[in-house]
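These notes are about the structure you will find just below.
Protein chains: 2
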Amino acid sequence: MKLYNAPAPNPRKVRIFLAEKGIEIPRVDLDLQAGEARTPEFLAKNSLGLTPVLELDDGTTLSESVAICRYLDELHPDPPLFGTTPLERAQVAMWNRRVELELMDTVGHIAQHTFEFFATRRIQVPAFAEAEREMTARKLAWLDGEFADGRPFAAGDTFTMADITGMCAAMVIGLLEIPVSAELKHVNGWFDRLRARPSWDA
Amino acid sequence: MKLYNAPAPNPRKVRIFLAEKGIEIPRVDLDLQAGEARTPEFLAKNSLGLTPVLELDDGTTLSESVAICRYLDELHPDPPLFGTTPLERAQVAMWNRRVELELMDTVGHIAQHTFEFFATRRIQVPAFAEAEREMTARKLAWLDGEFADGRPFAAGDTFTMADITGMCAAMVIGLLEIPVSAELKHVNGWFDRLRARPSWDA
Chain A
1 MKLYNAPAPN
11 PRKVRIFLAE
21 KGIEIPRVDL
31 DLQAGEARTP
41 EFLAKNSLGL
51 TPVLELDDGT
61 TLSESVAICR
71 YLDELHPDPP
81 LFGTTPLERA
91 QVAMWNRRVE
101 LELMDTVGHI
111 AQHTFEFFAT
121 RRIQVPAFAE
131 AEREMTARKL
141 AWLDGEFADG
151 RPFAAGDTFT
161 MADITGMCAA
171 MVIGLLEIPV
181 SAELKHVNGW
191 FDRLRARPSW
201 DA
Chain B
1001 MKLYNAPAPN
1011 PRKVRIFLAE
1021 KGIEIPRVDL
1031 DLQAGEARTP
1041 EFLAKNSLGL
1051 TPVLELDDGT
1061 TLSESVAICR
1071 YLDELHPDPP
1081 LFGTTPLERA
1091 QVAMWNRRVE
1101 LELMDTVGHI
1111 AQHTFEFFAT
1121 RRIQVPAFAE
1131 AEREMTARKL
1141 AWLDGEFADG
1151 RPFAAGDTFT
1161 MADITGMCAA
1171 MVIGLLEIPV
1181 SAELKHVNGW
1191 FDRLRARPSW
1201 DA
């Protein structure tokens, strides 16, 4: 098994996941700026030219960070990061999607619509990036209300995949220097708990 | 168990899923135009004010269409719509995400940034809708290349959740009258197969 990796939020999700599980997988580090995810060889592994990609020993390739993590979670069930009962698994899927849609996608759009790096990949609309910057404040406020019940992690008492997606959102928020109001005590507490994990530096 | 439902693509995913499984769940139909997803009672079930919501007999609520479908898939495993082995499950998750990100989100943005209905929910940027309309053609072309191996469904030989997401994307493409070039034989073939399923009208 081999992980095609790069210094970007989605491969980072898989690196954090591996660190939380205590698994090591050989990595191939790609230089995205040098176009190493756009070579014919790599496009044969993921036609979207995106990392991460997990290559199995028979050559089968998997892309999409959460799909890769789901696969690894089945091979290495402890500690469980996708829940242990049908209801827990649905709640983790729900919260991963909420953190993804409400937080990660929103801040991701800001980068995708302003960074030169993404110019060949999409039609950039800077006004959309500006709108998403404003939306981030609304979404952080919504999330603060959700955490007001005092639970430590996105899906409840246990750290899960939804928190890993939250770690990547927090990293992008830091990178883009998006202010997180000190009044949002619950969200700030969550981000602090996430930053304190050894896997933060994965 | 009770399903809070509305005439919109995400609840439709769950309705198609139920039709494919042959399951019936009592429904509460909400009138979104009349603000029935924005009442305090409904916001207590989903603070995002979005449908679908599955309410369990003990009052627990689940939102996010794919999370709801995952839960129902565990309770009613036949026919399997999320794969049956770790690799198949990862491939379905990967393809559901690809159809979601590359197709459904792209066409969804067009509606969200132009329809009056969404004006209170987000900061609309019509130029972004226009960009996403152009991106749809690129993404359909990418998808056509993916289907060039002749497989009938998104994740392989079997109809899965990824195809249900595709059905909703195809519906939005029809609604927005986005042209799908006749040259894209594989994508058109896929859409035809999806439209021919009895669950299309769910």
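As you go down the protein sequences, you meet chains A and B in turn.
202 is the number that my numbering gives the last residue of the first sequence; the numbers go up by one with no jumps.
1202 is the number that my numbering gives the last residue of the second sequence; the numbers go up by one with no jumps.
Each residue gets a CB set at the ideal place from its N, CA and C atoms; glycine is no exception.
Since this is a predicted model, take the numbers as computed values, not measurements.
Item to check | Same chain, Cβ closer than 7 Å to B/I1016, five either side skipped, listed in chain order | outcome: Non-local beta-carbon contacts of B/I1016 in its own chain, meaning distances under 7 Å to residues more than five positions away in sequence, involve I1164, M1167, S1199 and A1202 in chain order.
Next on the checklist: Within 10 Å of its beta-carbon, does B/I1023 have 16 or more other beta-carbons around it, so buried, or fewer, so exposed?
Outcome noted: Counting Cβ neighbours within 10 Å, B/I1023 comes out exposed, since fewer than 16 surround it.
Checklist entry - Going by other Cβ atoms of all chains shown within 10 Å of its Cβ, with 16 needed for buried, is A/L18 buried or exposed? => result Buried is the call here.
Checklist entry - Curious, which full-length alpha helix (DSSP H) runs of at least 4 residues does the region 44-90 of chain A contain? => result You should have 65-75.
Item to check | Closer than 7 Å to chain A by CB, B/A1131 | outcome: With 7 Å as the cut-off, B/A1131 counts as an interface residue toward chain A.
Checklist entry - Given that A/P86 touches chain B, what residues does it touch there, using C-beta distances under 7 Å? => result Near A/P86 (Cβ distances below 7 Å), the residues of chain B are Y1071, E1074 and L1075.
Checklist entry - Applying the criterion that 16 or more other CB atoms from any shown protein chain within 10 Å of the CB defines a buried residue, is B/L1143 buried or exposed? => result With 16 or more other Cβ atoms from the protein chains shown falling within 10 Å of its own Cβ, B/L1143 counts as buried.
Next on the checklist: Quick check on the burial criterion: 16 or more other C-beta atoms within 10 angstroms. Buried or exposed for B/D1073?
Outcome noted: Residue environment for B/D1073: buried (at least 16 other C-beta atoms within 10 angstroms of its C-beta).
Item to check | Beta-ladder partner(s) of B/D1029, from DSSP | outcome: Paired residues: B/N1005.
Checklist entry - Just by C-beta distance, which residues in the region 1092-1116 of chain B are closer than 7 Å to chain E? => result No chain E is present in this structure, whose protein chains are A and B.
Item to check | Where A/W142 meets chain B, residues with beta-carbon distance less than 8 Å | outcome: Against A/W142, the close residues of chain B are S1047 and L1048, in the order they occur along the chain (beta-carbon pairs closer than 8 Å).
Next on the checklist: If you follow the alpha helix (DSSP H) that A/D144 is in, where does it begin and where does it stop?
Outcome noted: Judged by DSSP secondary structure, A/D144 falls within the alpha helix (DSSP H) whose first and last residues are P126 to E146.
Item to check | Secondary structure of B/G1035, DSSP reduced to three states | outcome: Looking at B/G1035 - three-state DSSP - the assignment turns out to be coil, as it is neither helix nor strand.
Checklist entry - With 16 as the cutoff for other CB atoms within 10 Å, does B/E1134 come out buried or exposed? => result Counting Cβ neighbours within 10 Å, B/E1134 comes out exposed, since fewer than 16 surround it.
Next on the checklist: Please state the DSSP three-state secondary structure of A/G150.
Outcome noted: Residue state, collapsed to three classes: coil.
Checklist entry - Is it the case that the Cβ atoms of A/L43 and A/G49 are separated by a distance below 7 Å? => result Less than 7 Å divides the Cβ of A/L43 from the Cβ of A/G49.
Item to check | Residue from A/L194, A/L176 and A/M161 whose Cα sits closest to the Cα of A/K21 | outcome: For the set A/L194, A/L176 and A/M161, the Cα lying nearest the Cα of A/K21 is the one of A/M161.
Checklist entry - Which bits of chain A does B/M1001 rub up against, with CB to CB less than 7 Å? => result Ordered by position in chain A, no residue passes the 7 Å Cβ test against B/M1001, which lies about 12 Å from the chain.
Item to check | The alpha helix (DSSP H) enclosing A/M161, as first and last residue numbers | outcome: M161 to L175 is the span of the alpha helix (DSSP H), which, as asked, contains A/M161.
Next on the checklist: DSSP three-state label for A/G156, please.
Outcome noted: In the three-state DSSP reduction, A/G156 falls in the strand class (E or B).
Item to check | DSSP-derived helix/strand/coil call for A/H109 | outcome: A/H109 falls in the helix class under three-state DSSP.
Checklist entry - How about the region 1104-1112 of chain B and the region 1169-1183 of chain B: do they share at least three Cβ pairs that are nearer than 8 Å? => result Segments in contact, yes.
Checklist entry - Are the beta-carbon atoms belonging to B/N1005 and B/R1027 less than 7 Å from one another? => result Yes, they are a contact pair.
Item to check | Buried or exposed (CB count within 10 angstroms, at least 16 for buried), A/M104 | outcome: Of the other Cβ atoms in all chains shown, 16 or more fall within 10 Å of the Cβ of A/M104; this residue is therefore buried.
Checklist entry - Quick one: is A/Q91 buried, meaning 16 or more other Cβ sit within 10 Å of its Cβ, or exposed? => result Buried: at least 16 other Cβ atoms inside 10 Å.
Next on the checklist: Would A/M94 and B/S1063 qualify as a contact pair, given that the criterion is a beta-carbon distance under 7 Å?
Outcome noted: Yes.
Item to check | CB of A/I25 within 7 Å of CB of A/L3, strictly | outcome: Result yes, Cβ atoms of A/I25 and A/L3 sit closer than 7 Å.
Checklist entry - What whole-angstrom Cβ distance do B/K1013 and B/S1047 have, given they're in contact under 8 Å? => result Their Cβ separation, rounded to whole angstroms, is 20 Å, which puts B/K1013 and B/S1047 out of contact at 8 Å.
Checklist entry - For B/F1153 versus B/F1147, is the C-beta distance shorter than 7 Å? => result With a cutoff of 7 Å on beta-carbon distance, B/F1153 and B/F1147 are scored as not near each other.
Checklist entry - Going along chain B, which residues have a C-beta under 7 Å from A/R122? => result Those within 7 Å of A/R122 in chain B are M1135.
Checklist entry - Which residue's Cα is closest to the Cα of A/Q124: B/T1120, B/R1122, B/I1123 and B/A1129? => result It is B/A1129 whose Cα lies nearest to the Cα of A/Q124.
Checklist entry - Given that B/R1089 touches chain A, what residues does it touch there, using C-beta distances under 8 Å? => result Going along chain A in sequence order, the residues near B/R1089 (Cβ under 8 Å) are R70, Y71 and E74.
Next on the checklist: Quick check: is the beta carbon of B/V1053 nearer than 7 Å to any beta carbon in chain A?
Outcome noted: Judged by the 7 Å Cβ criterion, B/V1053 is not in contact with chain A.
Checklist entry - Under 7 Å Cβ-Cβ, which residues of chain A neighbour B/E1146? => result What B/E1146 touches in chain A: S47.
Item to check | Bounding residues of the alpha helix (DSSP H) (the contiguous stretch that carries A/V187) | outcome: Here the alpha helix (DSSP H) through A/V187 covers K185 to R195.
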